[in-house]
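See structure below.
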Amino acid sequence: MLRVRFAPSPTGYLHIGSARTFIFNWLYARRNGGTMILRIDDTDVERNTQESLDSIFEGLKWLDLNWDEFYRQSERGELHQKAAKAILDQGLAYRDFVPDTFKDVDLNEVDIHAKFNPVMRNMSKEESDLRANGGEPFVLRFKVPRESRKEVTFQDLVYGPQSKATEDIEDFALLRSSGAPTYHMASCADDADLRISHVIRGQDHLSNTFKHVLIFEALGVTPPNFAHLPLLIAPDGSKLSKRKHGPVVSVTTYRDAGFLPQAFVNFVCLLGWSPKDDREKMTRQELVDVFSLEGVNRSNATINFTEQDPFDPKAVWLNAEHIRTMPQDDLAAQLLPFLPQADAAKVRQLVPLIQERIRLLSDVKTATDFFFQENPYDPALLIPQKGDAGMAGRALEEARKILGDVTEFNHAGLDPALRAGAERLKIKAGQMFQPIRVAVCGRKDAPPLFETLEVLGRETCLLRIDHALEQLAVTKNQTT
RNA sequence: GGCGCUAUCGUCUAACGGUUAGGACGGAGCCCUCUCAAGGCUCAAAUACGGGUUCGAUUCCCGUUAGCGCUACCA
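Here the first sequence is numbered in my numbering, starting from 62 and rising by one per residue.
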């Protein structure tokens with residue numbers, strides 16, 4: 062039975078790298094009919110926050126990623142204690158009563174061979190028990206078997222065969238002096254207990270895995286399969302941090318900026334993984350169908366953002382691709398929160414006009430602002446290419462007549478009528494359309510004219526054309 | 001410092017010994033066009049460096065350099 066888990070520690074908001082780890086686990090589970098487990102690794106009570114926990118749930122909810130089982134490490138303390146005791150009882154761990162040995166040691170100076178205290182490591186069971194029973198505080202350390210065994214090895218599903226000399230592994234802590242388990246202890250005990258079959262996590266744990274293998278063996282279970290994921294890093298090569306890189310590393314920032322969850326997932330999957338067939342835009346189902354650990358590569362991926370432009374251009378492009386290809390009703394529903402002044406029916410009307418013109422959902426606000434208000438503009442914009450104010454005026458007069466008279470106020474009625482008007486004035490269609498467009502939209506870049514006029518409605522259009530004619534007159538008087 | 005991992009266009013990536021080193025984003029240009037988009041076409045842009053192995057290395061091996069990670073009673 063395939064079982065995977067995502068095990069965040071609630072010490073920060075859900076960040077993009079964690080989100081990707083969840084997604085890869087989720088895809089792997091869904092692809093292979095496995096079980097997805099969400100486990101909150103909250104053993105570090107000092108640093109845990111409720112906010113952070115909320116942020117994790119909020120992010121996962123937005124991404125619409127579900128899980129089949131849920132656990133909290135803090136509720137499983139008994140299991141961790143039992144596991145630590147079992148290791149100690151077998152003589153595979155020892156109590157360290159002077160736990161601050163390395164407190165003031167510069168790690169750059171110290172040699173690994175000094176990284177355990179031989180007095181503590183070799184203390185007799187009797188003395189150790191006696192001092193523990195006497196209430197003396199201690200850290201429980203794993204007694205790395207450097208004599209009986211030369212190296213620790215495991216097979217990583219992404220990085221291949223891994224090995225490390227036991228000489229190079231320090232006697233790491235299992236239990237703190239408070240009695241609380243360390244991450245290594247709790248994580249392995251839980252993974253064993255929950256029968257996790259595949260541990261898929263960030264590459265920052267690759268070298269920790271040797272310790273984990275040791276723990277699993279001490280626990281008498283065969284270690285799970287491991288798959289480590291390359292890290293996501295910032296353009297300056299450093300790892301993503303909120304302090305250094307700001308809100309761009311937080312999942313909810315993408316949500317609030319108008320990303321579609323499916324586009325975000327799509328983008329993040331392309332960081333460190335490839336379907337190998339040049340496909341880029343993929344639906345969630347396509348991702349599930351094709352995902353495999355073999356497609357994961359080994360080098361860190363840079364998320365390409367700058368201070369001016371906080372989102373990777375490819376993420377934005379993918380978002381636009383998803384927007385363009387989604388059903389119009391779905392898009393309307395997604396857009397609604399970004400247009401507080403509009404009702405659902407109005408948004409539904411606007412969708413066809415802007416679907417292929419926005420890249421982020423939030424773009425809809427500026428893309429459609431003139432449907433809700435008349436924007437100020439420079440009257441000079443009314444003047445068409447290779448034309449003058451006179452031409453603009455004639456075009457607008459003609460347009461006003463046509464828009465007032467035409468029976469079908471839609472593309473079918475407007476298109477031939479306005480083109481015919483241009484012909485009468487002996488100007489090009491484009492020269493006819495530009496003054497109208499600017500008059501009604503307040504700018505040159507806008508959705509197709511006839512559809513725009515239709516949605517705006519006859520009355521508004523006539524009003525705005527009148528207004529444009531007034532402005533034109535004013536400018537004329539000023540120049541003459 | 002020690003140990004581990006990594007190294008293809010600016011960025012994401014493909015090429016599991018033989019390709020004019022492919023695709024995408026972004027950039028430049030052209031076309032289409034009622035503007036803006038979208039779409040189509042074209043161009044610029046990479047195998048970190050040095051040694052091997054091989055008839056032949058992006059690909060395998062070694063070294064150098066660089067980056068990242070671990071080296072906590074943080075995860």
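Beta carbons: idealized from backbone N, C-alpha and C, even for Gly. Fair warning: this is a prediction, and the values are worked out from it, not measured in the lab.
N-terminal and C-terminal residue of the beta strand (DSSP E) that residue i is part of
i: Phe-131; result: 130 to 133
i: Phe-203; result: 200 to 203
i: Tyr-155; result: 154 to 157
i: Pro-284; result: Looking at the DSSP string, Pro-284 is not in any beta strand (DSSP E), and its letter there is neither H nor E.
i: Phe-215; result: 212 to 217
i: Phe-67; result: 64 to 67
From the options, residue whose alpha carbon lies closest to that of residue i
i: Val-205; options: Leu-235, Lys-186, Ser-189, Pro-198; result: Leu-235
i: Gly-95; options: Lys-426, Pro-437, Phe-85; result: Phe-85
i: Pro-413; options: Thr-468, Asp-390, Met-181, His-259; result: Asp-390
i: Lys-176; options: His-383, Phe-203, Ala-507; result: Phe-203
i: Leu-218; options: Pro-374, Ala-507, Arg-262, Val-408; result: Arg-262
i: Leu-128; options: Leu-392, Ile-148, Val-106, Trp-87; result: In the sequence as presented, Leu is not what sits at residue 128; that position holds Trp. That would be Trp-87, whose Cα lies nearest to the Cα of Trp-128.
i: Glu-112; options: Tyr-132, Glu-136, Ile-444, Thr-72; result: Thr-72
i: Pro-508; options: Glu-139, His-472, Phe-366; result: His-472
i: Met-452; options: Met-181, Lys-462, Ile-488; result: Ile-488
i: Val-309; options: Ile-364, Asp-297, His-273, Leu-457; result: Ile-364
i: Phe-83; options: Thr-227, Gly-298, Val-312; result: Val-312
i: Thr-468; options: Ala-490, Arg-455, Ala-450, Gly-518; result: Gly-518
i: Thr-283; options: Ser-299, Asp-252, Leu-301, His-306; result: Asp-252
i: Asp-527; options: Gly-307, Lys-462, Arg-304, Leu-486; result: Lys-462
Collapsed DSSP secondary structure at residue i in the structure displayed
i: Ile-77; result: helix
i: Leu-99; result: strand
i: Ser-423; result: helix
i: Ile-173; result: Confidence at Ile-173 is low in this model, with a pLDDT of 48, below 50, so the placement of that residue is unreliable and no value is reported for it.
i: Arg-91; result: helix
i: Tyr-315; result: helix
i: Lys-272; result: helix
i: Leu-392; result: helix
i: Ile-261; result: strand
i: Phe-138; result: The sequence given here places Gly at residue 138; Phe does not occur at that position. In the structure shown, Gly-138 sits in a helix (DSSP, three-state: H, G or I).
i: Pro-322; result: helix
i: Ala-288; result: strand
i: Ile-230; result: coil
i: Thr-72; result: coil
i: Ile-84; result: helix
i: Gly-451; result: helix
i: Ile-444; result: coil
i: Thr-363; result: strand
i: Lys-462; result: helix
i: Ile-488; result: coil
i: Tyr-499; result: Checking the sequence shown, residue 499 turns out to be Val, not Tyr. Of the three classes helix, strand and coil, the one that applies to Val-499 here is helix, per DSSP.
i: Leu-523; result: helix
i: Gly-221; result: strand
i: Leu-397; result: helix
i: Lys-146; result: helix
i: Lys-375; result: helix
Enclosing alpha helix (DSSP H) for residue i [first to last residue]
i: Asp-513; result: What sits at residue 513 in the sequence shown is Thr, not Asp. Residues 510 to 517.
i: Asp-252; result: 244 to 254
i: Arg-485; result: 472 to 485
i: Ile-117; result: 111 to 124
i: Leu-411; result: 405 to 415
i: Met-343; result: That residue, Met-343, is in no alpha helix (DSSP H); it is neither H nor E in DSSP.
i: Arg-108; result: Premise fails: Arg-108 is in no alpha helix (DSSP H) and is neither H nor E.
Beta-carbon contacts of residue i that lie in its chain and below 7 angstroms, excluding the five residues immediately before and after
i: Ala-428; result: Ile-415, Arg-418, Ile-419
i: Pro-291; result: Gln-264, Gly-333, Asn-358, Arg-359, Ser-360, Asn-361, Ala-362
i: Lys-337; result: Gly-356
i: Val-274; result: Val-213, Phe-215, Pro-284
i: Arg-237; result: Val-200, Thr-243
Contacting residues, own chain, Cβ-Cβ under 6 angstroms from residue i (five flanking each side not counted)
i: Gly-448; result: Gln-492
i: Ile-117; result: Pro-69, Leu-75
i: Thr-541; result: Caution is warranted here: a pLDDT of 47 is assigned to Thr-541, below 50, making its placement in the model unreliable, and the coordinate value is therefore given only provisionally. Answer for Thr-541: no residue qualifies.
i: Lys-393; result: Residue 393 is actually Ala in this sequence, not Lys. The answer, listed in chain order, is Val-408, Arg-409, Val-412.
i: Arg-455; result: Leu-486
Cut-off 8 angstroms between Cβ atoms - residues of its own chain near residue i, not counting five sequence neighbours on either side
i: Pro-437; result: Gly-503
i: Ala-441; result: Thr-536
i: Leu-533; result: Pro-440, Leu-443, Ala-450, Ala-453, Gly-454, Leu-457
For residue j and residue i, believed in contact at Cβ under 8 angstroms, the rounded distance
i: Ser-543; j: Asp-102; result: Lying before the first or after the last residue shown, residue 543 is absent from the chain, which here runs from 62 to 541.
i: Ala-144; j: Leu-280; result: 6 angstroms
i: Ile-77; j: Val-329; result: 7 angstroms
i: Val-499; j: Leu-514; result: Not really, about 13 angstroms apart at Cβ, beyond 8 angstroms.
i: Asp-157; j: Asn-183; result: That belief does not hold up - the Cβ atoms of Asp-157 and Asn-183 are roughly 12 angstroms apart, past 8 angstroms.
i: Gln-395; j: Leu-486; result: The Cβ separation is near 43 angstroms, so there is no contact.
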